[in-house]
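Enquirer: Residue numbers (my numbering): 4 to 262.
Please see the structure below; I have some questions.
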Amino acid sequence: MWPRDAAAAACFTFDFDAEEVWIGEDPANGSRPGVLSQGGYGARVAVPAILELLERHQVRATFFVPGRVAERHPGRVEQIVAAGHELAHHGYTHTSVTSLSPEEEEEEMRRGLEVLRGFSPKVTGYRSPSWELTPVTLGLVEKYGLSYCSNLMDDIRPYRHPGTSVVELPIQWILDDAAHFWFDGAGWTNTISTTADVRSIWQEEFLGIRQMGGAFVLTMHPQIIGRPSRLALLDAFLGYVKSHEDVWVATAAEIASSL
Ligand SMILES: [Zn+2]
4 MWPRDAAAAA CFTFDFDAEE VWIGEDPANG SRPGVLSQGG YGARVAVPAI
54 LELLERHQVR ATFFVPGRVA ERHPGRVEQI VAAGHELAHH GYTHTSVTSL
104 SPEEEEEEMR RGLEVLRGFS PKVTGYRSPS WELTPVTLGL VEKYGLSYCS
154 NLMDDIRPYR HPGTSVVELP IQWILDDAAH FWFDGAGWTN TISTTADVRS
204 IWQEEFLGIR QMGGAFVLTM HPQIIGRPSR LALLDAFLGY VKSHEDVWVA
254 TAAEIASSL
């Protein structure tokens, strides 16, 4: 099913949440510099380092960005677009759509898109800030001219949502850096995995998806994968995926539009 007779597809996606992931969870975090600095690291250190790695491996990736992050860090979003990567929609604020009214959800969609299209006219993808949909989400995706979503876990290949023009590009926790590395002072319940463990998990899942002819969609967050030890993991892993010449490495939009 893949272009160039490839056995499988792979894409690298980054949810550039920066400070908004904490503000979306609790607006009071907006006045807590210590909390926000976790996301600030993503903009300050991680994104430039990630862009350098992607350039070195000649990989074009997809960056899902909340509109407010683009307003707060316009220079970083300009760098992402200038390097040839795909810019995609990740809300205006980083608020779970399940906590919004239909009107509020539409305002998030409209405002986020307005900001992002100021950076790139080619915004076609939507990932909700919680990987969750409401009864109105797919209708909004269509209404605002987007063509694909990347939120659900029910397949390993892209598919079209019945009765709509919207393509789903499925994701999964196993391929999310947050599931393996997330830790913050609010919980103290998570453990931080070693990069060796995560490399092994991702390589095994990659080989399994390749064997089944699926699309390997890796979800990462600059503030998480961009720690120095994990940049080394990403460097090695990009090389590993690229060494499989039968795998089509593309952006999320390219993979979704191949359906
Ligand atoms: Zn996010």
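All residues carry an ideal CB built from backbone N, CA and C; glycine is no exception.
1) Could you tell me whether the segment 165-177 touches the segment 207-223, using the rule of 3 or more Cβ pairs below 8 Å?
2) Would the segment 49-65 count as touching the segment 88-102 if we require 3 or more Cβ pairs under 8 Å?
3) Under the criterion of a Cβ to heavy atom distance below 6 Å, does Asp249 qualify as lining ligand 1?
4) Just the C-alpha distance for Ile258 and Glu28, rounded to the nearest angstrom, thanks.
5) Would you please state the rounded distance, in angstroms, between the beta carbons of Val100 and Leu54? I believe it to be under 8 Å.
6) Can you check which of these residues, Trp25, Ser131 and Glu107, is closest to Phe265 by C-alpha distance?
7) What's the call for Glu171, buried or exposed, on a 16-neighbour Cβ count within 10 Å?
8) Mind the definition here: the segment 41-58 touches the segment 151-164 only if three or more C-beta pairs lie below 8 Å; say whether that holds.
9) If you draw a straight line from the C-alpha of Arg168 to the C-alpha of Leu103, how long is it?
10) Using the three-state DSSP reduction, which class does Arg35 fall into: helix, strand or coil?
11) Could you pull out every residue in the same chain whose Cβ sits closer than 7 Å to the Cβ of Glu81, ignoring the five residues on either side in sequence?
12) Could you please give the first and the last residue of the uninterrupted alpha helix (DSSP H) stretch that includes His92?
13) With 16 other CB atoms within 10 Å as the buried threshold, where does Arg59 fall?
14) Output the boundary residues of the beta strand (DSSP E) element that contains Asp18.
15) Does the beta carbon of Pro225 fall short of 6 Å from some heavy atom of ligand 1?
16) Any chance you could list the beta strand (DSSP E) runs of at least 3 consecutive residues sitting entirely within the segment 185-213, in chain order?
17) Would you identify the three-state DSSP class for Tyr243, choosing helix, strand or coil?
18) How many Å lie between Lys245 and His97 at the Cα?
Expert: Taking the definition as stated:
1) yes
2) yes
3) no
4) 31 Å
5) Actually they do not touch by this definition, with Cβ atoms about 29 Å apart.
6) Beyond the ends of the chain as shown, which are 4 and 262, falls residue 265; an answer cannot be given.
7) buried
8) Contact between the segment 41-58 and the segment 151-164 is absent, because fewer than three Cβ pairs lie under 8 Å.
9) Inspection of the sequence shows that residue 168 is occupied by Ser rather than by Arg. Looking at the two C-alpha atoms, the distance is approximately 24 Å.
10) coil
11) Phe122
12) From DSSP, His92 is part of no alpha helix (DSSP H) but of the beta strand (DSSP E) over Glu89 to His92.
13) Exposed, since its Cβ has fewer than 16 Cβ neighbours within 10 Å.
14) Ala11 to Asp18
15) Because no heavy atom of ligand 1 lies under 6 Å away, the Cβ of Pro225 does not count as near it: no.
16) none
17) Here Tyr243 carries a helix assignment [DSSP, helix/strand/coil].
18) 32 Å
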